[in-house]
Amino acid sequence: MQDLLKGEWNNKMPIPKIPIGNIIEAGIEWLTKNFAGLTRAISQFTASIIDAFIDILMFFPPWIIIIVTTFIAWYITKKIKIAFLTILGLLLIWNLDLWDATIITLSLVLFSTVIAVIIGIPIGIFAALNNRARGIIMPILDFMQTMPAFVYLIPAIPFFGLGVVSATFATVIFAIPPAIRLTALGIRQVAPELIEASDAFGSTRMQKLIKVQLPLSYQTIMAGVNQTIMLSLSMVVIAAMIGAKGLGGEVWKAIQRFRPGMGFEAGLGVVIIAIILDRITQGVRSRRT
Amino acid sequence: MVKIKVENLVKIFGDNYKKAKEMFDKGIPKEEILKKTGHTVGVGGVSFKVYEGETLVVMGLSGSGKSTLLRLINRLIEPTSGRIYVDGDDITGMSQKSLLNLRRKKFGMVFQKFAIFPHRTVIQNVEYGLEIQGILPEQRRKKSEEALELVGLKEWGDKYPKHLSGGMQQRVGLARALAIDPDILLMDEAFSALDPLIRREMQDELIDIQSRMKKTIIFITHDLDEAIKLGDRIILMKDGVVVQEGTSEEILTNPSDEYVEKFIEHVDMSKVLTAQAIMKSAETVGFLKDGPRTILRKIQEAGISSIFVVDNQHKIQGIVEAEDAASIIKKGEKDIKSIISRNIKTISPEMPLNDLLPMMVDTKYPVAVVNDEKRLLGVIVRGSIIAGLAKRGVE
Chain E
2 MQDLLKGEWN NKMPIPKIPI GNIIEAGIEW LTKNFAGLTR AISQFTASII DAFIDILMFF
62 PPWIIIIVTT FIAWYITKKI KIAFLTILGL LLIWNLDLWD ATIITLSLVL FSTVIAVIIG
122 IPIGIFAALN NRARGIIMPI LDFMQTMPAF VYLIPAIPFF GLGVVSATFA TVIFAIPPAI
182 RLTALGIRQV APELIEASDA FGSTRMQKLI KVQLPLSYQT IMAGVNQTIM LSLSMVVIAA
242 MIGAKGLGGE VWKAIQRFRP GMGFEAGLGV VIIAIILDRI TQGVRSRRT
Chain W
86 MVKIKVENLV KIFGDNYKKA KEMFDKGIPK EEILKKTGHT VGVGGVSFKV YEGETLVVMG
146 LSGSGKSTLL RLINRLIEPT SGRIYVDGDD ITGMSQKSLL NLRRKKFGMV FQKFAIFPHR
206 TVIQNVEYGL EIQGILPEQR RKKSEEALEL VGLKEWGDKY PKHLSGGMQQ RVGLARALAI
266 DPDILLMDEA FSALDPLIRR EMQDELIDIQ SRMKKTIIFI THDLDEAIKL GDRIILMKDG
326 VVVQEGTSEE ILTNPSDEYV EKFIEHVDMS KVLTAQAIMK SAETVGFLKD GPRTILRKIQ
386 EAGISSIFVV DNQHKIQGIV EAEDAASIIK KGEKDIKSII SRNIKTISPE MPLNDLLPMM
446 VDTKYPVAVV NDEKRLLGVI VRGSIIAGLA KRGVE
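Respectively, the protein sequence lines represent chains E and W. For the first sequence, position 26 (counting from the first letter as 1) is numbered 27 according to the numbering used here, and the numbering increases by one without interruption. For the second sequence, position 95 (counting from the first letter as 1) is numbered 180 according to the numbering used here, and the numbering increases by one without interruption.
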């Protein structure tokens, strides 16, 4: 028992270990060696975009961002309550000295979401229209979602180095499955008689997709985007472990210094951002009906 | 002129139909093919012609392959074997590109469940076929508005389908098919989902539109009455094959086998006919202010034995018999109120004939057909029932 708690494992199989770990490591080593130029380029490119994102948001004083965000929240949801919640939440964040951290987190989350959506929706469409592709893609998504998110951080570092790009990489992998899954689901849920009607009038596959399938699966796809945003946000603390700053960084600092109050404040910031983003995307989703 | 010619068309469902097709070619019955290979023979060797400008009704019970047949004609379902000629061109070997073009220009399709796009307004739905052809916006809007006007929904263009009733949605479906000005209309149980009254209205409207547009129509239905009403010719299908082909009269008077006979038997004329359909209009009525001599005169002129009396709003009051009128004339009375018998039966115009028949047995007077406000609409005597049934039978 004592040994187990110390992490010393006793039960070894008499057959030699299958070298899954070694294979993965060799693969990653090969990739980093041969594609170092490429990964570095991607890394620099991504970092500069995220920096630009952050710079733009930092350029404006907080109160302008607060007013604009509140207006957006009101315009999309048409609910005074949500506008009120947005303004109060953001003022509280500013008051708690978390403004800069929040901007960094927000930039990271939005950037990761954009990437996840750009990659995820086409894959989802492909999975919806091609049965064989769906048979391959769906189990991979299950795998991606059940593999502990920390694991993605480890190979990200040799590829992209410590910092924001590795964090984005891990976040995109972790957050992309709902975008793919719900896009595929939405398209496959379109009533077969509508597909038939579209075919009967001589639509090409592309016309059918753009004029019938995508508009009719809009709500489901937006539900996927909403989940992608929420998952990205849930990655910020984990991403902080490899050097991404922001609200997650504050939480991580609080853990290291054992400052529960500071941790709670930063956690509260994450919650506020989560609620605002959730309400706005839900609003976008139900707007078009 | 032959518009569509179908030759020996076969459809076997399933991914691995080759073996099933071999068995089918050997003449093995479809039940056995299903048991041995798991493949369903949807359409098993069907041939027919459709002439330009005619309405061909394909009738059969569910599972008879009639809807599959319709989808084979524009290749929404790929035929397993056989040939389909449209305007003399074999379309079974056609490339995907020419097939799209054919669907865009020649076929308009109307569906049982309407299949109206819920995310598009009514006018956008009607425009769909023109839009995918790449017709310019102003031009397609104009054509679509004309099509909408044709089905009587001119004012509804900007509404979304969810605001429309079933009958109106199907009008949109019809307008969508007509907007592309197709030669051929494929109608798959187009009116089956509508309630009877709306359904009859839509049938009348289709007949009206057809008399002006002269399209070639293939209409699928499971309802014999609809088939008789709409079809220039009727094809009867059972288990994927045609069991009889002919005009409605030929099929009704000379059913080719038991199946057809049963189909016809199911049409109970007394259920189909309503009081309204067989009543005679009440041309001769008495009024309360009429004296007995006027009443007697009206009765004699019309050659009847009794007359319904109405007030000045045409509401039914009762009936006066010729004998009674004659007897009070002898007594010198001027007012007919004393001889109006209120012991009459009134029914609504929607009453089906089989409810009406027992009523006719135990009344000596004709039955008055009245509306909700008791206004007299028509009269039914025993003779009119027989006339109604007989007329129906030979139609």
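C-beta: ideal position from N, C-alpha, C; glycine also. Note that the structure is predicted; figures quoted are calculated from it, not measured.
Listed by chain order, chain W residues near residue i by CB distance under 7 Å
i             : result
residue 217/E : 204
residue 213/E : 202
Backbone secondary structure at residue i - three-state DSSP
i             : result
residue 209/E : helix
residue 290/E : Note on residue 290/E: pLDDT 49, under 50, position unreliable in the model; no value is reported.
residue 480/W : Low confidence applies here, because residue 480/W scores a pLDDT of 39, under 50, leaving its location unreliable; read the following figure in that light. Coil, per DSSP.
residue 93/W  : strand
residue 78/E  : helix
residue 260/E : coil
residue 99/E  : coil
residue 191/E : coil
residue 393/W : strand
residue 285/W : helix
residue 110/W : helix
residue 359/W : strand
residue 153/E : helix
residue 88/E  : helix
residue 445/W : helix
residue 166/W : strand
residue 418/W : coil
residue 270/W : strand
residue 252/W : helix
residue 322/W : strand
residue 437/W : strand
residue 47/E  : helix
Chain-ordered neighbours of residue i on chain E, where CB pairs are closer than 8 Å
i             : result
residue 89/W  : Those within 8 Å of residue 89/W in chain E number zero; the least Cβ separation is about 16 Å.
residue 189/W : 202 and 203
residue 238/W : Correct list: empty, because the minimum Cβ distance to chain E is about 18 Å.
Partner residues on chain W for residue i, Cβ-Cβ distance less than 8 Å
i             : result
residue 208/E : 217
Where residue i meets chain E, residues with beta-carbon distance less than 7 Å
i             : result
residue 214/W : 202
residue 304/W : By Cβ distance, chain E contributes nothing, its closest Cβ being about 15 Å from residue 304/W, past 7 Å.
residue 185/W : 203 and 205
Buried versus exposed call for residue i [16 or more other C-beta atoms within 10 Å across all chains shown]
i             : result
residue 242/W : buried
residue 467/W : exposed
residue 87/W  : exposed
residue 10/E  : exposed
residue 433/W : exposed
residue 212/W : buried
residue 201/W : buried
residue 78/E  : buried
residue 173/E : buried
residue 100/W : exposed
residue 306/W : buried
residue 248/W : exposed
residue 480/W : Below a pLDDT of 50, predicted positions are generally treated as unreliable, and residue 480/W, at 39, falls in that range; no measurement from the model is reported.
residue 489/W : Shown here, chain W extends from 86 to 480; a query on residue 489/W therefore has no answer.
Distance between beta carbons of residue j and residue i, contact taken as under 8 Å
i             : j             : result
residue 367/W : residue 393/W : 6 Å
residue 325/W : residue 126/W : 6 Å
residue 70/E  : residue 229/E : Contact flag wrong, Cβ pair sits at about 20 Å.
residue 193/W : residue 292/W : The Cβ separation is near 17 Å, so there is no contact.
residue 1/E   : residue 243/E : Absent from the model: residue 1/E. The displayed extent of chain E is 2 to 290, so no value can be given.
residue 131/W : residue 327/W : 6 Å
residue 191/W : residue 269/W : 6 Å
Closer than 9 Å at the beta carbon, the chain E residues around residue i
i             : result
residue 196/W : 194, 197, 198 and 201
residue 192/W : 201, 202 and 203
Contact test: residue i Cβ vs the ligand GDP heavy atom, cutoff 6 Å
i             : result
residue 238/W : Looking for the ligand GDP in the displayed structure turns up nothing, as the structure carries no ligands at all.
Worksheet item: Relative to chain W, which residues along the segment 24–35 of chain E have a C-beta separation below 8 Å, given in chain order?
Response: none
Worksheet item: Taking any Cβ of chain W, which residues in the segment 187–198 of chain E have a Cβ under 7 Å from it, in chain order?
Response: 194, 195, 197 and 198
Practice prompt. Return the residues of the segment 156–176 of chain W that lie within a Cβ-Cβ distance of less than 7 Å from chain E, sorted by chain order.
Written response: 159 and 161
Worksheet item: Which residues, in chain order, does the segment 101–114 of chain W contribute to contact with chain E at a C-beta distance below 8 Å?
Response: none
Worksheet entry | Where the segment 221–252 of chain W meets chain E: residues whose CB sits under 8 Å from a CB there | none
Fill in: the segment 270–291 of chain W: positions lying closer than 8 Å to chain E by Cβ
271
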